[in-house]
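Just add 4 to wherever you are in the sequence shown, counting from 1, and you've got this note's numbering.
All C-beta atoms in this analysis are idealised placements derived from N, C-alpha and C, irrespective of residue type, glycine included.
Below is one structure, written out as structure tokens, with a few remarks after it.
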Amino acid sequence: MVVVGHGQHEEEDEENWFWWQRGLVHAPRAVVVWDHTDESRESRGIVEPGRKVTWSELFLDLVLVTNVAKLGEAYQSGALSLMEVALLYRTIHNCWWSTTKYAMRFHTDDLPHKAKTGLCMFFLLFAGLRLGAPFGPAARQVALAAGLYHAVMAASVWRVVASIPEARRHMTRDALVPSILEAAGCLVASRLEAHVFGLLTVLAFFELFWSALVHYAWETLPKKERIPVHIHHLVERRGCIRLILMGEVVTGCAVSTRITPESVASVSLAFLSIFNMKLLAFDVDSVPSRRHAVRIGVFARPLIWLEAAFAFDFCMGIAGSCVRIILSMLTSDITSVRAEEAHVLLCASVAAAVLCLTLEHLMHDQAHVLGTRHCWTTWGRPSHKDHFEEKDDDDDDLAQARRIFYFQVASEAGIFVSCVALAAYCSSIERDYEVLLVLASIAALTTLAVVVNLLDEVHLIWTRASAGSAAERRALATTPRELSLVG
5 MVVVGHGQHE EEDEENWFWW QRGLVHAPRA VVVWDHTDES RESRGIVEPG RKVTWSELFL
65 DLVLVTNVAK LGEAYQSGAL SLMEVALLYR TIHNCWWSTT KYAMRFHTDD LPHKAKTGLC
125 MFFLLFAGLR LGAPFGPAAR QVALAAGLYH AVMAASVWRV VASIPEARRH MTRDALVPSI
185 LEAAGCLVAS RLEAHVFGLL TVLAFFELFW SALVHYAWET LPKKERIPVH IHHLVERRGC
245 IRLILMGEVV TGCAVSTRIT PESVASVSLA FLSIFNMKLL AFDVDSVPSR RHAVRIGVFA
305 RPLIWLEAAF AFDFCMGIAG SCVRIILSML TSDITSVRAE EAHVLLCASV AAAVLCLTLE
365 HLMHDQAHVL GTRHCWTTWG RPSHKDHFEE KDDDDDDLAQ ARRIFYFQVA SEAGIFVSCV
425 ALAAYCSSIE RDYEVLLVLA SIAALTTLAV VVNLLDEVHL IWTRASAGSA AERRALATTP
485 RELSLVG
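Structure follows, in structure tokens:
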């Protein structure tokens, strides 16, 4: 029995009846379509109305972050080394990324799609069943789950290849072939415990190399064969996974078993540092879609942006584990096998996270600040466009914005160097008050990064307020003398 839901409008009822007549299986559709395919004209993508992150995608993010938390626990207990944690996280992250790439281009809401989503969730959950074990058994479990995950995604991509002829060449090369190869490679790795580390490493570099080829080869396709991506959906997906991950990191602060001035201070400083990193992480992608790295980049920019985003998430996961170890040692007298290296690794992970956010920021188009002409792309088609259309007529404002931009980059570089120097200092600390000083230093450096990052916002608000005041003074002026005085 098929129950047809009744909408509040007649159009919704007609649509429900239409899909009921077609059955429970229907072809995938492109999320973004071209407004025209004339190669001689610039084109823009028209996004499907109402396209948002689904509840299933949010649930998938929760399962992924659950595995990240288990990886952190395995590192804290000494079951996995830092390199092993990075490799397993990369393998799991590639599964999440394959689903995100598909959702940025295609969507359907039939039974096969729902079954695919459920299987992906199950395999991602299945991957984390043995993450507390030594690397061999844990890696074989992750490889088996990842292989099955990519096989399911290959079936979803095959539906697109079979249903949308104009996307056949693009999706076969960019999604179907790598999904099949990654599925086969992971399944083989799951059977070879002695070589699982090397095989997973090869697969990680294979995914990176293939992504580079995809970004480079996209320009060779005719426009009608290119599948534009939904950039806002990508930004929302990145925001969701970061929000859940930062929430998991914050839980590392709730480990105190006694309330003392030292424990309150250490927990407060740790929370302030994580909160500052959250502010920086969510501000870095607050750019118009026309200036986003995925849209303007032809080859290097999208790839660097994606890898920097992945590295930031990994660094914050490691930072959360280090915070938990340090606070457990300071407030609960619980000693971890990683206690000696936790201070150094915390500073190093914060330094790497700041560097990753700086790279993400620089990969976006900054020509509106630098006042230069830049060869950018409009949904994959390169064209020279004058970016002076966004700048203010006053050259002084543009020069001031350029100075702020240079100062921000220089400050972030200085904060990175300071965190590295702090990590070197941590290798020789022995007393608890020195650990507290390290936490205070990290909180101060991250707060400084937030303040510097907000300078352009302050400048914009000040400029608009000054312009409004000048306009009001000009409106109140009546004589030529008064007009000359107000400029």
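Mind checking G122: buried by the 16 CB within 10 Å criterion, or exposed? Here residue 122 corresponds to residue number 118 of the sequence shown, with the count starting at 1. Exposed.
Report the rounded CA-to-CA distance for G76 versus P169, giving the unit in angstroms. Here the question's residue 76 lines up with position 72 in the sequence shown. Here the question's residue 169 lines up with position 165 in the sequence shown. So the two alpha carbons sit approximately 44 Å from each other.
Taking DSSP as the reference, what is the three-state secondary structure of T381? Within the sequence shown, residue 381 is the residue found at index 377, counting from 1. Note that T381 has pLDDT 38, beneath the 50 cutoff, so the model's placement of it is unreliable and no number is given.
What residue range is occupied by the uninterrupted alpha helix (DSSP H) comprising A73? Position 69 of the sequence shown holds residue 73. W59 to S81 is the extent of the alpha helix (DSSP H) around A73.
Under three-state DSSP, which class holds I50? Against the sequence shown, residue 50 aligns to sequence position 46. Three-state DSSP puts I50 in a strand.
Where do the N-terminal and C-terminal ends of the alpha helix (DSSP H) with L276 fall, by residue? Here the question's residue 276 lines up with position 272 in the sequence shown. Under the DSSP assignment, L276 falls in the alpha helix (DSSP H) whose first and last residues are P265 to D287.
Using the Cα positions of N457 and A414, report the straight-line distance between them to the nearest angstrom. Mapped onto the sequence shown, residue 457 falls at position 453. Mapped onto the sequence shown, residue 414 falls at position 410. Here the alpha carbon of N457 sits roughly 11 Å from the alpha carbon of A414.
Is it true that the CB of T112 sits closer than 9 Å to the CB of R33? The residue you call residue 33 lines up with position 29 of the sequence shown. The residue you call residue 112 lines up with position 108 of the sequence shown. Yes.
Among T70, P292 and L283, which has the Cα closest to the Cα of H236? Within the sequence shown, numbered from 1, the residue matching residue 236 stands at position 232. The candidate whose alpha carbon is nearest that of H236 is P292.
Pairwise C-alpha distance: H234 and V57: What you label residue 57 is simply residue 53 of the sequence shown in a count that begins at 1. What you label residue 234 is simply residue 230 of the sequence shown in a count that begins at 1. Distance between the alpha carbons of V57 and H234 is about 11 Å.
Considering only C-alpha positions, which residue in the set V439, S431 and A453 is nearest to F411? For this step, residue 411 is matched to residue 407 along the sequence shown. Ranking the options by Cα distance to F411, first place goes to A453.
With C-beta atoms as the reference, is V348 less than 9 Å away from C257? Here residue 348 corresponds to residue number 344 of the sequence shown, with the count starting at 1. Here residue 257 corresponds to residue number 253 of the sequence shown, with the count starting at 1. With respect to C257, V348 sits apart: the two C-beta atoms are not nearer than 9 Å.
Would A147 and T95 be called neighbours here (beta carbons separated by less than 9 Å)? To locate residue 147, count along the sequence shown from 1; it is residue 143. To locate residue 95, count along the sequence shown from 1; it is residue 91. For A147 and T95, yes; Cβs fall inside 9 Å.
Short check: CB of D65 to CB of I245, under 9 Å? For the purposes of this step, residue 65 is taken as the residue at position 61 of the sequence shown. For the purposes of this step, residue 245 is taken as the residue at position 241 of the sequence shown. Here D65 is near I245, since their CB atoms are less than 9 Å apart.
With a threshold of 8 Å, establish whether the CB of I184 neighbours any heavy atom of the ligand HEM. The ligand HEM is absent from the structure shown, which contains no ligands of any kind.
Going by C-alpha distance, which of S215, V192 and C190 is nearest M175? Start at 1 with the first residue of the sequence shown, and residue 175 comes out as number 171. Minimum Cα distance to M175 is reached at S215.
Is the separation between the beta-carbon of R144 and that of E197 shorter than 9 Å? Mapped onto the sequence shown, residue 144 falls at position 140. Mapped onto the sequence shown, residue 197 falls at position 193. Contact: yes.
CB of L128 within 9 Å of CB of C99, strictly: The residue given as residue 128 occupies position 124 in the sequence shown. The residue given as residue 99 occupies position 95 in the sequence shown. In contact: L128 and C99 (Cβ atoms closer than 9 Å).
For V253, name the three-state secondary structure that DSSP assigns. Taking the first residue of the sequence shown as 1, we reach residue 253 at position 249. V253: helix per DSSP, three-state reduction.
Whole-angstrom distance between W309 and L363, CA atom to CA atom: Taking the first residue of the sequence shown as 1, we reach residue 363 at position 359. Taking the first residue of the sequence shown as 1, we reach residue 309 at position 305. Computed Cα separation, rounded: 7 Å.
List the endpoints of the continuous alpha helix (DSSP H) containing M157. Counted from its first residue, the sequence shown places residue 157 at position 153. F139 to S167 is the span of the alpha helix (DSSP H), which, as asked, contains M157.
Best match in V181, A315 and V200 for proximity to V358 [C-alpha to C-alpha]: The residue labelled residue 358 in the question sits at position 354 within the sequence shown. The residue with the shortest Cα to Cα distance from V358 is A315.
Exposed or buried, what is P53 when buried is set at 16 or more other beta-carbons lying within 10 Å of its beta-carbon? Within the sequence shown, numbered from 1, the residue matching residue 53 stands at position 49. The residue in question, P53, is exposed, as its Cβ has fewer than 16 Cβ neighbours within 10 Å.
Within 10 angstroms of its Cβ, does S353 collect 16 or more other Cβ (buried), or is it exposed? Numbered from its first residue, the sequence shown carries residue 353 at position 349. Burial call: buried.
Nearest-angstrom beta carbon gap, V424 and I433 [assumed within contact, 8 Å]: In the sequence shown, the residue the question calls residue 433 occupies position 429. In the sequence shown, the residue the question calls residue 424 occupies position 420. The Cβ separation is near 16 Å, so there is no contact.
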